[in-house]
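Colleague:
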Amino acid sequence: MCAMQAGLRGRSVVLLDHAKKLAEKIRISGGGHCNFTNLNTRPENFISGNPDFCRSALARFTPQDFIALLQKHNIGYHEKTIGQLFCDDESDVIIAMLRGECEAAGVKRFMSCEIGEINYSPRPPAGEGLGERVKAQAFHVSTSRDEFNSASLVIATGGLSIPNSGATPFGYHVAEQFSIPIAKLKPGLVPLSFAPDDWKPYADLKGVSLDVVVSFGKQSFRENMLVTHRGLSGPAILQISSYWQHGKPLHINLLPDCDMAASLDEQKGSKKLLSNYLTQWFPKSFADVWCAQFAEHTKIENKPLNQYNGKQRKEIAAQLHGWQITPSGTLGYNKAEVTCGGIDTRALSSKTMECIEVPGLYFIGEVVDVTGQLGGYNFQWAWSSGHAAGQAV
Ligand SMILES: Cc1cc2nc3c(=O)[nH]c(=O)nc-3n(C[C@H](O)[C@H](O)[C@H](O)COP(=O)(O)OP(=O)(O)OC[C@H]3O[C@@H](n4cnc5c(N)ncnc54)[C@H](O)[C@@H]3O)c2cc1C
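The opening residue of the sequence shown carries number 0 in numbering that gives the first Met the number 0; numbering runs sequentially from there.
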């Protein structure tokens with residue numbers, strides 16, 4: 000996106016990538032159909048040390064702007080849940096569109112290109128002010144293909160997730176070279192794991208999917224949660240994983256549409272076993288395991304509903320609406336969709352993505368400390384920040 004925008008402005012642009020294939024993450028995204036944006040994109044959909052940083056770029060290149068590009072190329076798309084737009088065909092159509100636009104804008108491309116040293120010599124020509132400096136070829140980049148001199152250098156090397164797609168820490172190393180601060184990195188949009196002994200009772204439930212509200216602090220998501228043999232996954236868990244802090248518990252409302260305390264009070268004369276009663280909401284396997292675990296922790300056994308007293312009914316309801324569990328960790332960058340943290344936004348102009356202390360150096364996309372929620376927001380940030388820098392380089 001950045002190369003295309005700069006090329007359209009008549010800049011001489013070279014795109015360097017060490018991967019053999021262009022835009023591998025677009026290809027594998029959205030289950031192969033690229034969830035390329037979200038119609039409801041708002042700054043609130045992003046996590047960052049500075050939540051306002053993304054505002055300017057998102058306002059100047061919106062989901063509608065990207066849709067207009069798709070329409071120009073006759074690319075079909077459809078809306079899935081809550082504003083998420085996916086390609087009708089495979090994600091390759093987006094790659095072909097961006098590649099075609101770059102070629103039309105005169106962008107040269109070098110793939111399988113290993114990047115070596117970056118040297119920077121911001122020398123304003125004698126007698127000229129800083130405004131003229133940008134004309135100097137400040138950056139010298141050594142690569143396996145050639146040596147490149149340029150006035151601007153844009154780092155768009157993404158995060159650490161899925162290393163076999165070509166992800167490397169290159170962008171963070173460039174930041175270190177230029178003494179640019181980095182907000183703490185961690186895997187985001189990632190399944191959560193539990194200590195094997197803690198998870199043993201639940202491991203056999205793998206494949207069970209429940210509609211839940213999962214919360215951490217003030218953040219909540221209502222989506223599906225999937226039980227896996229190592230822990231929890233599914234959209235609700237991926238979403239909360241980007242907010243979750245190690246060592247702290249998550250709260251899961253297993254029955255978001257039901258007032259369980261009232262239901263149990265209504266059933267206080269019933270001879271139905273609690274676990275059987277719960278099968279109207281849960282698969283039997285989950286209801287059995289949940290009741291067994293609840294009994295182990297509270298000593299309130301799984302028994303007919305008419306044998307619980309009021310206090311016990313309240314406790315059962317409270318646990319079903321606020322199941323508290325503490326993950327032991329995440330499945331890491333091999334399974335994460337994104338990397339949270341990154342280039343500290345205080346070091347960048349929110350209008351252009353240029354480093355305040357290093358004129359001519361830009362960071363865009365996932366390498367920056369702006370992380371989208373699940374649902375097309377990460378690509379929208381990549382397009383918007385790429386567009387912002389492409390207008391400025
Ligand atoms: C499985 C999966 C599915 C996803 N699905 C979606 C989705 O549907 N919707 C959504 O919004 N987001 C999705 N994401 C997130 C999204 O793919 C990223 O946020 C987005 O691709 C970031 O764009 P980027 O240009 O910053 O970095 P990337 O797309 O990661 O591109 C970085 C480029 O830099 C190159 N590079 C890296 N290191 C070097 C180096 N040392 N030298 C030279 N080149 C280098 C890489 O080869 C790569 O081409 C998904 C992510 C994954 C892993």
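Cβ atoms here follow ideal geometry from the backbone N, Cα and C, with glycine treated the same way.
1. Run through the DSSP bridge pairs and tell me what Lys185 is partnered with.
2. Leaving aside the five residues before and after Leu360 along the sequence, list all residues of the same chain whose C-beta is less than 6 angstroms from its C-beta, in chain order.
3. Smallest Cα separation from Met0: which of Asp196, Gly340, Glu102 and Phe85?
4. Should Ile81 go down as buried or exposed, given a rule of 16 or more other Cβ atoms within 10 Å for buried?
5. If distances are taken between C-alpha atoms only, which option among Glu365, Arg345 and Ser28 comes closest to Val357?
6. Round the Cβ separation of Ile117 and Gln176 to the nearest angstrom and send it over; I've been treating them as touching at under 8 angstroms.
7. I need the boundaries of the beta strand (DSSP E) containing Met224, first residue and last residue.
8. Indicate whether the contact test is met: 3 or more Cβ pairs, each with one atom in the segment 54–66 and one in the segment 368–388, closer than 8 angstroms.
9. Run through the segment 310–390 for me and flag every whole alpha helix (DSSP H) of 4 or more residues, listed as ranges in chain order.
10. Given Phe169, which residues of its chain have a CB within under 6 angstroms of its CB, disregarding the five upstream and five downstream residues?
11. Are the beta-carbon atoms of Ser111 and His250 separated by less than 8 angstroms?
12. So Ile93 is in the alpha helix (DSSP H); what residue range does that whole segment cover?
13. Looking only at its chain, what residues have a beta carbon closer than 8 angstroms to the beta carbon of Asp343, apart from the 5 residues adjacent to it on each side?
14. Less than 7 angstroms between C-beta atoms, sequence neighbours within five positions excluded: which residues of the same chain meet that for Tyr76?
15. Just the C-alpha distance for Glu295 and Ala260, rounded to the nearest angstrom, thanks.
16. Given a threshold of 16 other Cβ atoms within 10 Å of its Cβ, counted over all protein chains shown, does Thr326 qualify as buried or as exposed?
17. As an exercise, report each continuous alpha helix (DSSP H) stretch of at least 4 residues that is fully enclosed by the segment 243–276, in chain order.
18. How would you write the range of the alpha helix (DSSP H) that Cys290 sits in, first residue to last?
19. With 16 as the cutoff for other CB atoms within 10 Å, does Pro418 come out buried or exposed?
20. Within 7 angstroms: the Cβ of Cys33 and any heavy atom of ligand 1?
21. Among all the DSSP beta bridges, which residues are the ones paired with Gln83?
22. Measuring alpha carbon to alpha carbon, tell me which of Gln238, Thr278, Leu277 and Tyr171 ends up nearest Gly364.
23. Measure the C-alpha to C-alpha separation of Leu184 and Asn377 and round it to an integer number of angstroms.
24. If we count the other Cβ atoms within 10 Å of its Cβ and call it buried at 16 or more, is Glu131 buried or exposed?
25. If contacts are defined as beta-carbon pairs under 8 angstroms, then Trp287 and Ser274 qualify, I think. What distance do you get, rounded to the angstrom?
26. Would you say the beta carbon of Lys24 is closer than 7 angstroms to some non-hydrogen atom of ligand 1?
27. If we ignore side chains and look at the alpha-carbon of each, how far apart do Leu330 and Arg229 end up?
28. Does DSSP put Val133 in a helix, a strand or coil?
29. Which residue from Phe362, Leu254, Ser284 and Lys271 puts its Cα closest to that of Gln318?
30. Given this structure, state the Cα-to-Cα distance separating Val133 from Ala150, to the nearest angstrom.
31. Kindly examine ligand 3 and report whether one of its heavy atoms sits closer than 7 angstroms to the Cβ of Ala174.
32. What beta strand (DSSP E) runs, 3 residues minimum, are completely inside the segment 5–79?
Modeller: Let me lay it out:
1. BP columns for Lys185 point to Cys339.
2. Leu152 and Cys354.
3. Of Asp196, Gly340, Glu102 and Phe85, the residue nearest in Cα terms is Glu102.
4. It counts as exposed.
5. Here the closest residue by C-alpha is Arg345.
6. Beta-carbon to beta-carbon, Ile117 and Gln176 are separated by about 7 angstroms, close enough to satisfy the 8 angstroms threshold.
7. Element bounds for Met224: Gln218 to Val226.
8. With a cut-off of 8 angstroms, the segment 368–388 and the segment 54–66 count as touching, because enough Cβ pairs lie within range.
9. Those alpha helix (DSSP H) runs which fall completely within the segment 310–390 and span 4+ residues are 376–389.
10. Result list for Phe169: Thr156, in chain order.
11. 8 angstroms or more divides the Cβ of Ser111 from the Cβ of His250.
12. Asp91 to Ala103 is the extent of the alpha helix (DSSP H) around Ile93.
13. Cβ-Cβ distances below 8 angstroms link Asp343 to Gly48, Ile179, Pro180, Ile181, Ala182 and Asp368 in the same chain, with the five nearest sequence neighbours on each side left out; the list follows chain order.
14. Cβ-Cβ distances below 7 angstroms link Tyr76 to Leu69, Leu84, Phe85, Cys86 and Asp87 in the same chain, with the five nearest sequence neighbours on each side left out; the list follows chain order.
15. Between Glu295 and Ala260, the C-alpha separation is close to 21 angstroms.
16. As written in the sequence, residue 326 is Pro, which differs from the Thr given in the question. Buried, by the Cβ-count rule.
17. Counting only runs of 4 or more, we get 259–265 and 273–276.
18. Cys290 -> alpha helix (DSSP H) spans Lys283 to Thr297.
19. Past the edges of the chain, shown from 0 to 392, lies residue 418, and the structure says nothing about it.
20. If you check the C-beta of Cys33 against ligand 1, you find a heavy atom less than 7 angstroms away.
21. Gln83 is bridged to Asn37.
22. Distances from the alpha-carbon of Gly364 to those of Gln238, Thr278, Leu277 and Tyr171 put Tyr171 closest.
23. Rounded to the nearest angstrom, the two C-alpha atoms are 16 angstroms apart.
24. At Glu131 the pLDDT is 49, less than 50, meaning the model places this residue with poor confidence and gives no usable figure here.
25. One point to set straight first is that residue 287 is Asp, not Trp, in the sequence displayed. About 5 angstroms separates the two Cβ atoms, so the contact holds.
26. The answer is yes for Lys24.
27. Looking at the two C-alpha atoms, the distance is approximately 9 angstroms.
28. Caution is warranted here: a pLDDT of 48 is assigned to Val133, below 50, making its placement in the model unreliable, and the coordinate value is therefore given only provisionally. Correct three-state label for Val133: coil.
29. Ranking Phe362, Leu254, Ser284 and Lys271 by Cα distance to Gln318 puts Leu254 first.
30. Confidence at Val133 is low in this model, with a pLDDT of 48, below 50, so its placement is unreliable and no value can be given for it.
31. Judged by which ligands are present, ligand 3 is missing from the structure shown, whose ligands are ligand 1.
32. Those beta strand (DSSP E) runs which fall completely within the segment 5–79 and span 3+ residues are 13–15, 34–37 and 76–78.
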